[in-house]
Structures are given as C-alpha cells and as structure tokens.
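Scroll down for the structure; my scribbles are underneath it.
There are 2 protein chains.
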Amino acid sequence: MIAKSVLEKFKGIVGEQNYWDSPADLALYSFDSSVEKPAQPEVVVRPESTEQVAQICKLCNDNSIPLVTRGSGTNLAGGTIPVTGGCVLLMTKLNKILEINVKDMYAVVQAGVITADFAAAVLEKGLFYPPDPGSQKMSTLGGNVAENAGGLRGLKYGVTKDYVMGVTFCDMEGNIVKGGGKTVKLCTGYNLTGLMCQSEGTLGVMTEFVLKLVPPPKASKAMLVSFDSIMDAGNTVSGIITNHVLPCTLELMDNFTIKTVEEATGAGLPVDAAALLLIEVDGHPAQVEDDYQTVLKVCRENNGAVKVANTSEEKEKLWEGRRKSLSSLARLRPTLVLEDATVPRTKIPDILVALEEIRQKYNVTIGTFGHAGDGNLHPTFLCDKRDVEEMARVHKAVDELFAAALRLDGTCSGEHGIGIAKAKYMVDEVGEGTINYMKQIKKGIDAKNLLNPTKMGL
Amino acid sequence: MIAKSVLEKFKGIVGEQNYWDSPADLALYSFDSSVEKPAQPEVVVRPESTEQVAQICKLCNDNSIPLVTRGSGTNLAGGTIPVTGGCVLLMTKLNKILEINVKDMYAVVQAGVITADFAAAVLEKGLFYPPDPGSQKMSTLGGNVAENAGGLRGLKYGVTKDYVMGVTFCDMEGNIVKGGGKTVKLCTGYNLTGLMCQSEGTLGVMTEFVLKLVPPPKASKAMLVSFDSIMDAGNTVSGIITNHVLPCTLELMDNFTIKTVEEATGAGLPVDAAALLLIEVDGHPAQVEDDYQTVLKVCRENNGAVKVANTSEEKEKLWEGRRKSLSSLARLRPTLVLEDATVPRTKIPDILVALEEIRQKYNVTIGTFGHAGDGNLHPTFLCDKRDVEEMARVHKAVDELFAAALRLDGTCSGEHGIGIAKAKYMVDEVGEGTINYMKQIKKGIDAKNLLNPTKMGL
C-alpha cells in the first residue's frame, strides 16, 4: 500500500493530467494481450520526459514500490502485468520522432512512438526500418526493444535488436544511462544496447533510442504457393534457404488457418490447400528475378502451385490474409494461446510432425501460421479458459511443444519473450547456471527487485 | 602471492604440459600489442575444455586470484595485460571448429580458433563469415567477441557482434552459462550473447560460440581512387553512402601512410596522392555494376581518379597495401599509438579537419588510414616512448582527438575497446550514471572483481 504522501509525490512529478489512481483506471492496466491472470497496480503515471522518468524511478526505489513500464500492452507473455502491484509507468506521451538523419541513416526516437508510424515516417524520407512485428500498428518502439520483437522480415533483415544503435534509460537510482550511440561501430564499455534489448523492463526504463535505417530495396516480388501436403511446404522452406536465397518474407499458414482466415475475410485464399507459403524476395531488380526463378524451381520440386502477385494491391491482399491469421483464429473460441517455439530453419518439417502428434495425442485445436523462414512458427491453441479439463490438455500440449523445440536445437521463445507465461520453461533451455547468472545481473542493477518483478522468473 | 598448494591445484586441473610459472614464461604474458605498461601474472594455464575452464574460474574465485583470459594477445588497448597479477588463462588449445552447418548457416566453434582459419574453413563449405579484423591471421574468435572486433567489411556486413548467435561461458562460481542458440530468432531471458560481446573478459570466460554465416556475394568489383585533396576523399565517402551504395569495403589512406607503405612494400601506390580510397562493392552481378557506376560518378564529382582492379591478383595487391599500413608505419619510429576514434560517416571531413589542426598544434607525426565508410579512422601517432616531452605532446593530441570525436557525435572506440588505454576517456562519452551502471553489472556478476580487473576502469 503506497502512502498518500508518496502518491502526492508521483502527482507532483507528472502533473494531475498524467496521474491516475481510481479503481476503474487501475483496472485498465491490470492485463495485457496475453491470457495471464490480471493484477492491479496502485498508481498509473504518464511521464513526459526522461527527467520525469528518472524521478519516478528514484521515488519507487526510495519507497520500495514495484515499477512496471508499459507501452501499448500488446505483450503476449504477460510481460506488462503488474503482478506485485505498484506503479505502472505509461510511455505513450514520450512519442516524438526527434530526428531522422537521412545522410547517416539513423533516427533518434522516444520510446513511446508507435512502430508503424515510425516506419511510415522513415519511408517518407526515402529510407527503410525493417522490423515489423504483427502488432506494429499498436505497439511502441520501446516495447519492441524491451521484447526484441521480430516480425515477418526477420529472415533477411533481422529483428529489433539488429537496429538498435543506442539507448537512453533510467536506473532505479534515478541516473540517466546511455548505451551505444550514433556511429555504426562503437566499443566503449559494456554493450548496454545489447543488454537492454530483450530485458523485458527488468533492468531500467528506456526512454530514447538511436535506430539504424537502411536503403529500401529497389524491387520486390511476392507470391503465394499452395501445397497439398504441409510437409512439402516445410521442405520448400528449407530448400529455398539451402539454395542461398534469403526471402524478405517466408510465411506459412496451415489448412486450419487458411480456412479460418478465408471465412473471416473472404480474401480469396485456396481453402483446399494443406498449407500455403507466402514468399517475397526483394533487392536489386536482377537479384529479385534470379531469386524468383530459384524459388519457383524449389516450389515446383516440392509440388507447390505458385501464384505471383502482379500488382501491389494483389500483394497487399495476400499479406492482409496472413496478418489477419491471429484475429481470425481468435473469433473461433473464447481463448487463444499463441506460442512461438522456434527451431533452426531446416527443422521446420520435424516440428510440424511433432505438432501433428501433439494435436492428436491431446485432442486439441491448433491453427499454425508464422515465420517459417526463421524457423519461428506460431502454433495457436484455440480453447476456453473456463474449461478446466480442456486447459489441462492445452497446457500439456504446450509443454510437449516446447520439449520438442528444445530437442530440435530450438528455443521456447523466438520473439514474444518470457514474461510470466514461459518462465517455467527457461531452465530446460538454458540450465540453472544461466538462470543464476541472469539473477546476479538483475541483483546488481536492481537490488530491491522493483523493476517488473517476477518476469522471466526473476 | 599464490600459495604453493593452490598452484598445485592449477596444475592438477590442466596437467603439467599446460602449466607455467617460471619467470621467463610469466614474462611472455606480461604484455600485449598495445603500448601499455607490462605486468606479470603469477601463473599461466592452458585449459583444454570448458569444464577445465569452469574449474579454474572456481579455483580463482575461492582463492581471490585475478583471472585474465588471453587469446593471441593482439589487443591494442592493454586489455590482456594482467595488471594486478594472478592467473593468465590461455585459450589457444580450445581451437576446434566443432560444426559448420551449411543448411542452417551457422557454425559452432571453440573460442581459441584463429579468425582467418575459421573464415577459410567456412569459405571451403561455400559460405561466408564477414568479420575481418586487421589481426585476423593471428587473433582468436574469442578475442574478437570479447572486443567486438570490427574490420574492413563493417560498413555493409556489420561487426563481430552481428554474427554471434550463441555463447557458452563460465562464471566465477564455476557455472557453465549459455546465451542465445542456433535459431535466428531467440528471446529467452536476457540477451547474454549481446552482453558478452565487448565485455573485455570482465564478465566470464567464453569458451564456445554459435556464429552466423551468410551466403557469399556472387560478384565484386574493387577500385583504387586517388585524390589531390584529402577533403575530396572525405566528401566522396559521404557521397557514396548518401547515394545508398553500401560498399563492402571503403578504406582511406592519407599521403603520409601511402608514402610509408609504398617505401615498405613497393606495391605501386601513387605516392603523390593526398589520399586514396580503396573501394569494393559486392553482391549480385547487376547490383555490383550499378553500384560501381554510382561510385564512379561520385568519385568523379569529387575529383577522384579511379583505377579498377581487373583481376583478383590486382585486387589483392591493392588490399595488401592497405593491410600493411600499420606494419609499415611501425617501421618509422619506435612507438606507435594507434587510435580508433569514430564518428558518424558523414562527419569524416570534419574529423579530418580536426586531425590536421591537432597535428599542427602539437607538432606530432600522424599517419591516418582506416575504415572511412564506418566513420572509423585509425589516426596513428608515431613517436618514441622514451622521449618524455614528445609523449606529453602525443597524449595531449590524443586527448583533443577524442574530444573532437565526441563533439562530432562520435565515440572514443570504434573497434579496439577500452582496456587500460582509454578508461579515462569513457566518462566524457557516457557520463557518470552509465559508468555506475556498468559497475553495478560487474559487481553483480563478479563480486570480488577478479575477472580482468581494472579494465574499462572497472
């Protein structure tokens, strides 16, 4: 319970208009996009500057108040739920693009900028910011960095951490800390930029980034390939990569997802296909043509029927179908458990086999789609969390899915992070020694364990 | 002073053949490739497995013995000098390439593998490992990761940290810790892979890596461009990038360096040129041709005379000249202070102006060459460390060089790291709050401060 005098201090820092403590307001910030159990904060504040953030950190530290940083709350692993109460710090007013440096190809942004808004602003200046998480229309750049968000372009262009050149954040003593900078090479002290990526709000409150930009591709070609067998689709993915083509997008949808999306959107997807691959190659026009020919050859070798998108409208329609996978699946049942177990790319066929076995064994409903080119599928379990018996089967199925991913040299989380949902799986992947090491880092930085406590099991 | 009984324990772990404590042997490991003051260890050991490394870590921790990990000792900032004595741990027997996975494009290697040997082995399998630090024929991959080594290809392909997918290391409690893995996307817990890159041996002893490989470029074109004015060369660098061409190599040599290299090697460099740029573009053949035309246009606009290397022998000869810059300069005077102040790429002309002012003001001899495309020049001060008055001028000149780099939004270290040499400059770049944060990480991980103590000022 935070003392009234301390609540007044919060209000003093951010002002009346950026302060909330009524039950209705607190309830709004008790959950995120995951299915994890909600928990209410005691106060919500919305700072307008790095300096205000630093003051809030210090106030929390001085009064032992848990501090949970929140962007748009699109987290899928419970990462923004204030499990132990305390203060939720909203980043939504730190939403300015401070600089887009076209000549040196970087941008300086505040953490609360919406991902898609930033990408559009960059494009307008003739440059390209590749990371495109599924939630990009809502998610903040700060959330993307804290979770090291992936997206559809990871295979060729990498993920969020590959674009963070510099970061400014506040520690719990109220210091302003600076990692990295504006140069493409930088080796001054610890790689704090690397450490903060994927730290899930547990090591500081990030307020500003220097993000790397790249020249946009000159040409691209998109195609939709349908298969009568999902294994053929899996083998196509691995065949494309071993032929040294790195598509900018290489997405898979299984039959269940195809049918569901088609019902929801009428996008014109082939509902009889066992699986679809959405493939886009980009780069120099001649490279695009060569890559396209290679992809075509591999698809045909694996019995795929290729349909090329001839206009950008056609392409957008195909992509829209893929982007609507999650929301379409969500219409079917009350609860949706979206996983992101990931394997080395050539092991996609193996994980598909494992998934089918798990589906049958536990009689669960799974729609599978995702970034096959990265080995990062999203098997999505459709269920009803009020049905205890069904949820028990789903949880066992998820346990086995992760075990299969680890057996195949994979990971429990390709891009969603650990949060609350996957904390228990971490030890199997990394071992006790690694967990202990992570705890030592956390303890060194945040001795009272106030920064997003319990997340990642820390 | 390490007790005799403890020395016996070291010997017991690694065996007689991997243990040294005679004064002559210890003297060998008292210095590295920097000009920093030597310091002797008390014992040198050469483990043959991760398990032996873990045992040595624990033994050092239990007996409060400083532990300095050493690959080939090519460090230029004093990073491998055992300043407070203790144990030097040689990684040279952990030198196996454990796996090159052609289909999933990664390799698993031990930390003591020589960089160039690894790159050659990868090439033999039809793949490409881009990082190419100047010391690649001697340096180890472990040293490259610990320092986040750069090289000639940083501009287009990134630096060492961009290729480390996973790391195995030992902490001081003797735990074996695992960061990252074999998947291209991975978000399980802290980004320990990112943290260990650039940690200069202060956070653990790294024994194994998973390294990312890429398809090799299909074509390339190299050229040598000579200028009558170094400013024209600087403007050409920035013109190429703003035209959205990212050469795989974009190197600069000033007149002093050109003349010195030519005298030493007779490589056929134009000794009257004020500056040279060595430029290589690579990729798809059509892209290479387009990029070449753009580079040609920019060079001509800036009064550059372009000579294309028509054969791989011609190219090798040009590159050999650049690679010999450091050794050629080293012949002129007894002491060589090689810096790596780095600025955003378009500020190359500004840092060149600053360097010339500094040279005149302190009457020092500077040969400048380096990775202009990254904004990462290597101004090299030629001097004699026995001449106190001259060294005072050199140190003042270096101070001003770093101040100029910071004024231009740059950094004190683009790729050599901090070590002993640059610890005092860090605070101006990152501020007290950041230094404090780094200290808290170090304290959390290595409470007794035994892992490469004093480095980075920690």
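If you read the sequences in order, they're chains A and B.
The first sequence begins at 1 in UniProt numbering and counts up one residue at a time.
The second sequence begins at 1 in UniProt numbering and counts up one residue at a time.
Where a beta carbon is used, it is the ideal one built from N, C-alpha and C, also for glycine.
The structure presented is a predicted model; accordingly, all values stated were derived computationally and were not measured.
Per-residue contacts from residue i into chain A (C-beta, under 7 Å)
{"i": "E429 (chain B)", "result": "T188"}
{"i": "E147 (chain B)", "result": "C187"}
Per-residue DSSP class, three states only, for residue i
{"i": "E251 (chain B)", "result": "strand"}
{"i": "M172 (chain B)", "result": "coil"}
{"i": "residue 459 (chain B)", "result": "Residue coverage of chain B in this structure runs from 1 to 458, which leaves residue 459 (chain B) outside it and unanswerable."}
{"i": "I258 (chain B)", "result": "helix"}
{"i": "M196 (chain B)", "result": "helix"}
{"i": "D232 (chain B)", "result": "helix"}
{"i": "A305 (chain A)", "result": "strand"}
{"i": "N1 (chain B)", "result": "Correcting the residue type first, residue 1 (chain B) is Met in the shown sequence and not Asn. Coil at M1 (chain B), not helix or strand."}
{"i": "T294 (chain A)", "result": "helix"}
{"i": "T311 (chain A)", "result": "coil"}
{"i": "F128 (chain A)", "result": "strand"}
{"i": "E429 (chain A)", "result": "helix"}
{"i": "I241 (chain A)", "result": "helix"}
{"i": "T434 (chain A)", "result": "helix"}
{"i": "I279 (chain B)", "result": "strand"}
{"i": "Y19 (chain A)", "result": "strand"}
{"i": "T160 (chain A)", "result": "helix"}
Which listed residue (the options) has its alpha carbon closest to that of residue i
{"i": "L192 (chain A)", "options": "B:V167, B:K161, B:T168, B:P217", "result": "B:K161"}
{"i": "L278 (chain B)", "options": "B:H244, B:K221, B:D272, B:T311", "result": "B:K221"}
{"i": "N95 (chain A)", "options": "A:H416, A:D232, A:A111", "result": "A:A111"}
{"i": "T80 (chain B)", "options": "B:K315, B:P23, B:S30, B:A121", "result": "B:S30"}
{"i": "I348 (chain B)", "options": "B:T50, B:P247, B:K259, B:V237", "result": "B:V237"}
{"i": "E429 (chain A)", "options": "A:C383, A:D387, A:T342, A:K315", "result": "A:T342"}
{"i": "A397 (chain A)", "options": "A:D291, A:E301, A:T92, A:E357", "result": "A:E357"}
{"i": "I2 (chain A)", "options": "A:R46, A:E48, A:P66, A:S34", "result": "A:P66"}
{"i": "E389 (chain A)", "options": "A:V364, A:I240, A:K448", "result": "A:V364"}
{"i": "Y190 (chain A)", "options": "A:T454, A:I441, A:M231, A:K448", "result": "A:I441"}
{"i": "V44 (chain B)", "options": "B:K297, B:W20, B:P285", "result": "B:W20"}
{"i": "H244 (chain A)", "options": "A:V281, A:E263, A:L269", "result": "A:V281"}
{"i": "T434 (chain B)", "options": "A:G166, A:K137, A:L246", "result": "A:G166"}
Chain-ordered neighbours of residue i on chain B, where CB pairs are closer than 8 Å
{"i": "A286 (chain A)", "result": "H284, P285, A286, Q287"}
{"i": "D62 (chain A)", "result": "Residues of chain B passing the Cβ test: none, with the nearest at roughly 17 Å."}
{"i": "S413 (chain A)", "result": "L186, C187, T188"}
Within chain B, the residues that residue i reaches when beta carbons sit closer than 9 Å
{"i": "C197 (chain A)", "result": "N191, G194"}
{"i": "H378 (chain A)", "result": "Ordered by position in chain B, no residue passes the 9 Å Cβ test against H378 (chain A), which lies about 12 Å from the chain."}
{"i": "S238 (chain A)", "result": "K103, D104"}
Rounded Cβ spacing between residue i and residue j (contact assumed at less than 8 Å)
{"i": "L408 (chain B)", "j": "I351 (chain B)", "result": "6 Å"}
{"i": "H378 (chain B)", "j": "D340 (chain B)", "result": "6 Å"}
{"i": "L89 (chain B)", "j": "V68 (chain B)", "result": "7 Å"}
{"i": "A404 (chain A)", "j": "A372 (chain A)", "result": "The Cβ separation is near 16 Å, so there is no contact."}
{"i": "T249 (chain B)", "j": "L152 (chain B)", "result": "5 Å"}
{"i": "L252 (chain A)", "j": "A233 (chain A)", "result": "6 Å"}
{"i": "G126 (chain B)", "j": "V102 (chain B)", "result": "7 Å"}
{"i": "V164 (chain A)", "j": "G204 (chain A)", "result": "Contact flag wrong, Cβ pair sits at about 14 Å."}
{"i": "N128 (chain A)", "j": "P38 (chain A)", "result": "First, the residue type needs correcting, since residue 128 (chain A) is Phe and not Asn in the sequence shown. Incorrect: roughly 38 Å between the Cβ atoms, too far for contact."}
{"i": "T265 (chain A)", "j": "S328 (chain A)", "result": "7 Å"}
{"i": "T202 (chain A)", "j": "G143 (chain A)", "result": "With a Cβ gap of about 14 Å, T202 (chain A) and G143 (chain A) do not count as contacting."}
{"i": "I445 (chain A)", "j": "D171 (chain A)", "result": "7 Å"}
{"i": "N376 (chain A)", "j": "G150 (chain A)", "result": "7 Å"}
{"i": "F227 (chain A)", "j": "A275 (chain A)", "result": "5 Å"}
{"i": "Y106 (chain B)", "j": "K182 (chain B)", "result": "6 Å"}
{"i": "Q40 (chain A)", "j": "L26 (chain A)", "result": "5 Å"}
Within chain A, partners of residue i - CB distance below 9 Å
{"i": "Y157 (chain B)", "result": "Those within 9 Å of Y157 (chain B) in chain A number zero; the least Cβ separation is about 11 Å."}
Interface partners of residue i on chain A, CB under 8 Å
{"i": "V343 (chain B)", "result": "T183"}
{"i": "P215 (chain B)", "result": "H244, L246"}
Under 7 Å from the C-beta of residue i: neighbouring residues of chain B
{"i": "V177 (chain A)", "result": "G433, T434, Y437"}
{"i": "G410 (chain A)", "result": "T183"}
{"i": "Q440 (chain A)", "result": "G444, I445"}
{"i": "G150 (chain A)", "result": "K185"}
{"i": "residue 460 (chain A)", "result": "Outside the displayed range of chain A (1 to 458) lies residue 460 (chain A), so it cannot be described from this structure."}
C-beta neighbour in chain E for residue i, strict 8 Å
{"i": "K58 (chain B)", "result": "Given the protein chain composition of this structure (A and B), no chain E is represented."}
What ranges does the beta strand (DSSP E) occupy inside the segment 318 to 395 of chain A, keeping only unbroken runs of at least 3 residues that lie completely in it? 335 to 338, 365 to 371, 376 to 383
Along the chain, which unbroken stretches of the beta strand (DSSP E) at least 3 residues long are found entirely within the segment 61 to 117 of chain A?
67 to 70, 87 to 90, 97 to 101, 106 to 110
Could you tell me which whole alpha helix (DSSP H) segments of length 4 or greater appear in the segment 178 to 224 of chain A? 192 to 196
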